[in-house]
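Asker: When you number the sequence shown by full-length UniProt numbering, it's gap-free, plus one each residue, and the end is 643.
Using N, Cα and C, we set each Cβ at its ideal position, and we do this for glycine too.
One structure follows; several queries about it will come next.
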Amino acid sequence: RYSLFYNRLKNIEENEGGLDKFSRSYKTFGVNQFVDGGIYCKEWAPGAEAVFLAGDFNGWNPFSHPYKKMEYGKWELFIPPGQDGYPPVPHGSKLKVVIRAQNGELLYRISPWARYVIRDEDKVNYDWVHWNPPQSYIHKHPSPKRLKSLRIYESHVGIASPEGKVASYKNFTYNVLPRIKDLGYNCVQLMAIMEHAYYASFGYQVTSFFAASSRYGTPDDLKEMIDVAHSMGITVLLDVVHSHASKNSEDGLNKFDGTDSCFFHSGPKGTHQLWDSRLFDYANWEVLRFLLSNLRMWIEEYRFDGFRFDGVTSMLYHHHGIGTGFSGDYNEYFGLHVDEDALCYLTLANHMINFLHPECITIAEDVSGMPALCRPVAEGGGGFDYRLAMAIPDKWIQIIKELKDEDWNMGNIVHTLTNRRHEEKYIAYAESHDQALVGDKTLAFRLMDAEMYTNMSVLSPLTPVIDRGIQLHKMIRLITHALGGESYLNFMGNEFGHPEWLDFPRIGNNESYHYARRQFNLTEDHLLRYRFLNAFDRDMNKLEERFGWLASPQAFVSEKHESNKVIAFERAGLIFIFNFHPYQSYVDYRVVIWHSSLIVVFKYKILLDSDAAEYGGHQRLDHSTEYFSEEYPHNYRPNSLMV
């Protein structure tokens, strides 16, 4: 694998002038304006017989501006500035690349490199708009330094409002970013930014890879949003989709040059049978140029601080993970079923990012557990910084769905939270956007279900269902945060137990926006119990910010007691004690402390208590109590304390 990566990198160095120049192709492909006002156009369309540029600037004459055919399927066009010195293609004018296919048909296409596309209300397809404003947004704030402890707020701009509408970049900038900062998250991961024609695809059916979605605002609005986030010390990651592309041809990449290949594999190999989308040919030189340039454009033009790569499991294997389980056996990760070209692309992408922008972060969404995916490229690894701990949310769902409280297995919970590859960093999460979507249920919904609509008011009695749900919601998130990985992720709204699922407007719900929103206002109503969960999530993050357990070595688990339903562990100098017993409390409970020598006596105090009144608890603990370590052996360690 390393040899394949090295040879590809060597070819780029020898034939393309180096990785820097190769990945800077976003500045030359598409339609770009020169300093003198002239327009330089370049496309890759290997299956085309001829290529033209048409638009508002030439009265939509499809033949007046032909491209010149170059080597390797490339086409070039230069349009000189007008006599008055003004650019021949004005800012805001609509364009199309006109392809004469091999059968003679004229195809009107959006450039794969288009920076801005819009859809008029009376149209089905998107239009390409030349984006070259007289004055682009100028970033004012530097990117934050690379974070040691990553607390990620997974977000979607369009649903980030209590109102049933498509929210804007401006709304996110001024209403949501301050909320994220207050909650103690230091990183926002943005979904559905790359333009996608179908809103209900959640941004995972990308049609224009270089265009920021216009349904939320302009490219400058997004740049301002990222700049303001940086001013708050918030790192901004892009949820990038390079695992597949939309099948749209009128406003997507599919059949751009009139063939079923071009950017994709031809035939059945080029189609994902479950997602009904096109699959990239990662061995193709121009596909590598396109995808690597795409990453670099988002970093350099918009100032994104890194990426969460979606669908990595689908990329890594020819079977795309369909109907396949992964047990951890090494035969599952090495063999002809592995797509080595895709893995090589991911390695090249991480190498390029680390080489040109070492401050950037990359995350792999991989459920398979591919070994060394998060080890440095120099070691033969994939080069990612983090991978998602995708087994954790599945475990919590399985426990809540299938087991009575008294049957919860403490050892199994600890095993799931700590079972990760040595020296590969994991992002722990109790739930993400997957669980919030219609057809699934969030943890809050699984725990409290219909009573969330009737009994979340403090004026109504605290029923056993609501009481249990609120307490377990806090405990599940804290133990996942503290024990499950080297980073933590939460999907927007789930921190306070958002009461409704997420469903985008579509034919099946009469194009309703009612469930395509986040009701942040629920946390501001002091008569509702949602504020308790919100406050706990905030203080949990603030405590991690203070002590940095995510950046600390993996926890020392001292107890997983099945009959007592108690889990205890130590990390970053803090002792975490969880009592999952449905009805039993304990007095004078002895727990281990890690220190093996008692040259000094250690004093402990309560820092975070899920039973505190401000978190909807029952106030059964005295926070003024001090706990002292003593030389008393317990659980095979020499020192302990009583709580």
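What number of angstroms, rounded off, separates the C-alpha of GLU49 from the C-alpha of VAL31?
Answerer: 20 Å
Asker: Would you mind working out which of VAL228, GLY369, PHE256, PRO133 sits nearest SER327, comparing C-alpha positions?
Answerer: GLY369
Asker: Name the one or two DSSP bridge partners that TYR636 has.
Answerer: TYR636 is not bridged to any residue.
Asker: With hydrogens ignored, establish whether the beta-carbon of ALA391 is closer than 6 Å to any heavy atom of the ligand FMN.
Answerer: In the structure shown, the ligand FMN is absent, as is every other ligand, since no ligand is present at all.
Asker: Is ILE110 helix, strand or coil by DSSP?
Answerer: coil
Asker: Which residues in the same chain as ASP260 place their Cβ atom closer than 6 Å to its Cβ, once the five residues preceding and following it in sequence are excluded?
Answerer: SER266
Asker: For GLU570, report the span of its beta strand (DSSP E) as first-last.
Answerer: 566-571
Asker: Could you give the C-beta distance for GLY184 and ARG151, rounded to a whole number, given that I count them as a contact under 8 Å?
Answerer: 6 Å
Asker: Take every Cβ of the region 467-481, pair it with every Cβ of the region 442-458, and state whether three or more of those distances are shorter than 8 Å.
Answerer: yes
Asker: Whole angstroms is fine: what's the gap from TYR113's alpha carbon to MET410's?
Answerer: Contrary to the premise, residue 113 reads as Trp rather than Tyr in this sequence. Taking the straight line joining both Cα atoms gives about 52 Å.
Asker: Give me the DSSP bridge partner(s) of GLN189.
Answerer: GLU154, LEU237
Asker: Rounded to the nearest angstrom, what separates SER487 and CYS360 at their Cα positions?
Answerer: The straight-line gap from Cα to Cα measures roughly 15 Å.
Asker: Beta-carbon separation of LYS565 and PHE576 under 7 Å?
Answerer: no
Asker: Relative to the alpha-carbon of VAL129, which residue among GLU154, GLY321, LYS94, ASN103 has its alpha-carbon at the smallest distance?
Answerer: LYS94
Asker: If you draw a straight line from the C-alpha of TYR330 to the C-alpha of PRO371, how long is it?
Answerer: 8 Å
Asker: What's the C-alpha gap between THR324 and ASP434?
Answerer: Spanning the two alpha carbons is a distance of roughly 19 Å.
Asker: Would you say the region 225-235 touches the region 171-183, given that touching needs at least three Cβ pairs under 8 Å?
Answerer: yes
Asker: Here's the rule: buried if 16 or more other CB atoms are within 10 angstroms of the residue's CB, otherwise exposed. What is THR454?
Answerer: exposed
Asker: In terms of DSSP beta bridges, what is LYS74 paired with?
Answerer: TRP44
Asker: Taking the alpha carbon of GLY617 as the reference point, which residue from ILE466, GLY258, TYR216, ILE593 has its own alpha carbon closest?
Answerer: ILE466
Asker: On the criterion of 16 or more Cβ atoms from any shown chain inside 10 Å, does GLN205 qualify as buried, or is it exposed?
Answerer: buried
Asker: In angstroms with no decimal places, state the Cα-to-Cα distance between ILE110 and GLY252.
Answerer: 7 Å
Asker: If I measure Cβ to Cβ from VAL312 and keep anything under 6 Å in the same chain, skipping five residues before and after, which residues do I get?
Answerer: ALA364, GLU365, ASP366
Asker: Just reading off the alpha helix (DSSP H) that GLU559 is part of, what are its end residues?
Answerer: Here GLU559 belongs to no alpha helix (DSSP H); instead the beta strand (DSSP E) covers 556-561.
Asker: Start and end of the beta strand (DSSP E) containing ALA349?
Answerer: Run containing ALA349: none in the beta strand (DSSP E); it sits in the alpha helix (DSSP H), 340-356.
Asker: Relative to the alpha-carbon of LEU221, which residue among ARG278, TYR302, HIS498, LYS181 has its alpha-carbon at the smallest distance?
Answerer: The sequence shown places Asp at residue 221, rather than the Leu named in the question. Among ARG278, TYR302, HIS498, LYS181, the Cα nearest to that of ASP221 belongs to TYR302.
Asker: Is it true that the CB of PHE290 sits closer than 7 Å to the CB of VAL240?
Answerer: no
Asker: From what residue to what residue does the alpha helix (DSSP H) around VAL465 run?
Answerer: 464-483
Asker: Considering only residues of the same chain and omitting the five flanking positions on each side of ILE322, which have a CB-CB separation below 8 Å?
Answerer: GLN273, LEU274
Asker: How about SER629 and ILE606: do their beta carbons lie closer than 7 Å?
Answerer: no
Asker: Name the two residues that bound the continuous beta strand (DSSP E) containing GLN33.
Answerer: 30-33
Asker: Per the DSSP calculation, LYS603 is bridged to which residue(s)?
Answerer: PHE628
Asker: Which residues in the same chain as SER214 place their Cβ atom closer than 6 Å to its Cβ, once the five residues preceding and following it in sequence are excluded?
Answerer: Same-chain partners within the cutoff: ILE118.
Asker: Which whole-angstrom value describes the C-beta separation of ASP257 and PRO46, a residue pair presumed to lie in contact below a C-beta threshold of 8 Å?
Answerer: 6 Å
Asker: Distance, Cα to Cα, VAL557 vs ILE567?
Answerer: The alpha-carbon atoms of VAL557 and ILE567 are separated by roughly 8 Å.
Asker: Opposite VAL592 in the DSSP bridges: which residues?
Answerer: The secondary-structure analysis by DSSP pairs VAL592 across a beta bridge with SER640.
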